[in-house]
């Protein structure tokens with residue numbers, strides 16, 4: 033099988049899906065180009081900050097495109113390239129893109145409210161608090177996992193004590209990105225340049241940062257970088273959107289889109305041959321295809337985390353309702369394409385049906401760097417740029433998640449309508465206090481290491497997707513809009529994730545019985561898994577009751593009309 037055929041087929045599917053299914057959803061639910069969006073109506077210079085279509089797209093795409101679309105498909109290739117490929121197509125079009133767009137749509141239509149506040153409005157106070165607690169626990173896992181990924185990516189020394197120059201140079205570029213992005217944000221705010229000037233300045237800054245970072249690498253070990261990454265998360269969480277996150281994501285999007293384009297162009301030129309079988313089996317290395325495939329490939333197919341970005345930050349930046357489709361639906365399809373490219377690259381690097389050794393990122397970045405050298409780029413520079421892209425994938429995720437975690441914590445303790453604010457709730461609702469508490473718990477989880485956190489993160493992420501989809505179905509039905517297109521995705525994801533969590537709990541129980549139980553790793557995961565399962569069942573119960581009530585109300589009204 034030629035990898036070019038798979039990438040080409042995926043591009044055709046995604047473009048067709050956007051033009052037909054995505055636009056049909058927008059027409060079905062209703063888009064008002066004349067409406068004043070929450071970003072403009074509630075602009076506060078902090079969270080609500082209107083931006084151009086591409087700027088919001090850049091923020092959404094940069095935030096949702098973390099490690100998942102590269103890591104997941106490559107790991108899932110153990111079942112063969114066909115199951116992973118089909119799930120990326122079906123999941124991306126009918127699950128992930130629908131979820132992301134609907135979450136953004138619901139939030140923009142409701143004053144930019146987050147998913148938790150939307151649940152309070154359409155389900156009730158109890159449902160809101162249960163969901164927000166689930167979201168906050170989930171953000172701890174995301175921050176911990178991705179912070180560890182970034183710290184290890186920036187590790188400036190090899191195991192034998194040598195210098196890891198590509199890593200150190202990528203770290204230097206990333207630090208420059210923070211300060212340059214802030215200066216770029218001030219420039220945009222004060223000068224308000226046109227799109228062409230903004231693009232030109234952004235490209236010049238990117239080239240300058242790449243050159244400076246490669247020339248002046250920063251050599252520190254991973255522990256130092258963990259401290260730096262958490263400090264950055266704190267700053268990103270409390271600074272205004274226009275000052276750091278919007279300009280940083282705008283600049284980062286060129287790297288990430290360039291990485292996707294580089295992978296597609298490399299596949300086009302090299303036309304790699306797939307060296308993996310289409311299907312290996314329903315069980316590989318003791319892991320069943322169901323539910324592991326659907327948990328392993330999250331980003332790229334469907335990811336609950338994306339809905340938090342759509343409703344938590346992107347909805348507060350949309351300037352026109354017409355922008356919601358490319359931002360919500362379109363960005364997810366581009367991420368799915370990245371997943372397909374990663375799958376093709378990994379399977380073409382396989383030998384006799386065996387994937388190459390090393391992490392998924394090493395496989396992907398090494399292959400794309402090889403593609404770049406075909407166009408005359410020096411090997412060292414290509415390796416550095418790809419390492420930077422890998423770090424950008426994670427950095428642009430954790431800053432958004434830190435902000436979302438802070439907001440979830442604040443909303444969790446915010447008084448509901450009719451309730452009074454107490455001294456404790458006012459203290460916990462402070463942005464700096466909420467951020468500090470969120471990051472403190474995340475750091476404790478980070479000490480367990482990325483590989484120990486990732487399995488639980490994957491299950492929790494997909495379970496969050498199921499909860500979001502059922503909550504959005506309630507919103508659509510309650511507001512008189514069609515919501516049947518969410519029923520299959522929400523049911524499938526709930527069954528998949530509850531199965532995976534039960535398997536995880538059973539695995540930890542076996543460790544306990546066999547004496548291999550470590551509380552700081554296995555114990556914490558067990559407690560979190562049980563808490564997430566309990567919260568999920570309670571949220572589904574509350575949302576399900578409201579959905580059934582809305583359905584019964586419609587039938588009763590229709591019967592009265594007849």
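Residue numbers (this note's numbering): 33 to 594.
Yeah, the Cβ is synthetic: ideal placement off N, Cα and C, and Gly gets one too.
Rounded straight-line distance, which links the Cα of residue j to that of residue i
i	j	result
residue 368	residue 538	32 Å
residue 455	residue 361	42 Å
residue 47	residue 34	21 Å
residue 522	residue 409	45 Å
residue 577	residue 564	20 Å
residue 566	residue 470	21 Å
residue 331	residue 97	7 Å
residue 399	residue 227	33 Å
residue 339	residue 193	42 Å
residue 52	residue 459	49 Å
residue 50	residue 92	17 Å
residue 246	residue 549	44 Å
residue 116	residue 124	12 Å
residue 491	residue 321	14 Å
residue 38	residue 536	33 Å
residue 527	residue 203	40 Å
residue 533	residue 524	14 Å
residue 162	residue 428	27 Å
residue 131	residue 61	14 Å
residue 590	residue 65	Here the model assigns residue 590 a pLDDT of 48, short of 50, so the residue's position is not dependable, and the following value carries that caveat. About 32 Å.
residue 284	residue 293	14 Å
residue 593	residue 158	Any reading at residue 593 needs caution, since the residue's pLDDT is 47, under 50, leaving its predicted position unreliable; the model's value is listed next. Spanning the two alpha carbons is a distance of roughly 34 Å.
residue 114	residue 219	48 Å
residue 303	residue 36	5 Å
residue 606	residue 111	Because the chain spans 33 through 594 in this model, residue 606 falls outside it and cannot be assessed.
residue 477	residue 575	30 Å
residue 256	residue 480	16 Å
residue 506	residue 238	44 Å
residue 318	residue 301	37 Å
residue 461	residue 254	32 Å
Beta-carbon proximity check, residue i vs residue j, cutoff 8 Å
i	j	result
residue 333	residue 188	no
residue 343	residue 146	yes
residue 358	residue 85	yes
residue 423	residue 206	yes
residue 298	residue 403	yes
residue 326	residue 516	no
residue 190	residue 196	yes
residue 518	residue 504	yes
residue 457	residue 282	no
residue 105	residue 329	yes
residue 474	residue 271	no
Residue i, enclosing alpha helix (DSSP H) - first and last residue
i	result
residue 346	Unbroken run through residue 346: none, as it is neither H nor E.
residue 137	129–140
residue 354	From DSSP, residue 354 is part of no alpha helix (DSSP H); its letter is neither H nor E.
residue 475	463–478
residue 78	Residue 78 -> no alpha helix (DSSP H), and no H or E assigned at all.
residue 185	157–185
residue 334	Here residue 334 belongs to no alpha helix (DSSP H), and DSSP marks it neither H nor E.
residue 236	227–247
residue 380	363–380
residue 216	197–223
residue 91	85–96
residue 519	519–546
residue 36	35–49
residue 260	254–270
Same chain only: Cβ atoms within 7 Å of residue i, ignoring 5 sequence neighbours per side
i	result
residue 269	434, 435, 438 and 467
residue 443	146, 148, 149 and 164
residue 296	39 and 373
residue 561	488, 533, 536 and 537
residue 544	none
Cβ-based neighbour list, residue i, same chain, cut-off 6 Å, excluding 5 preceding and 5 following
i	result
residue 144	70, 347 and 348
residue 415	198 and 401
residue 201	245, 246, 249 and 416
residue 405	411 and 414
residue 22	With the chain covering only 33 through 594, there is no way to say anything about residue 22.
Same chain, Cβ closer than 8 Å to residue i, neighbours up to 5 away in sequence not counted
i	result
residue 307	379, 380, 381, 382, 383, 384 and 385
residue 356	58, 63, 133, 136, 137, 140 and 350
residue 530	495, 565 and 568
residue 208	241, 244 and 245
residue 222	none
Cutoff 8 Å: residue i Cβ touching any chain D Cβ
i	result
residue 155	Any reference to chain D falls outside this structure, which holds one protein chain only.
- Per the contact definition of three or more C-beta pairs closer than 8 Å, is the region 359–377 in contact with the region 100–110? Touching, yes, given that three or more Cβ pairs across the two stretches are closer than 8 Å.
- Using 8 Å as the threshold, is the region 213–230 in touch with the region 271–281, meaning 3 or more CB pairs across them? yes
- Message: For the structure I just gave you, are there three or more beta carbon pairs, one from the region 249–267 and one from the region 176–184, closer than 8 Å?
- Response: yes
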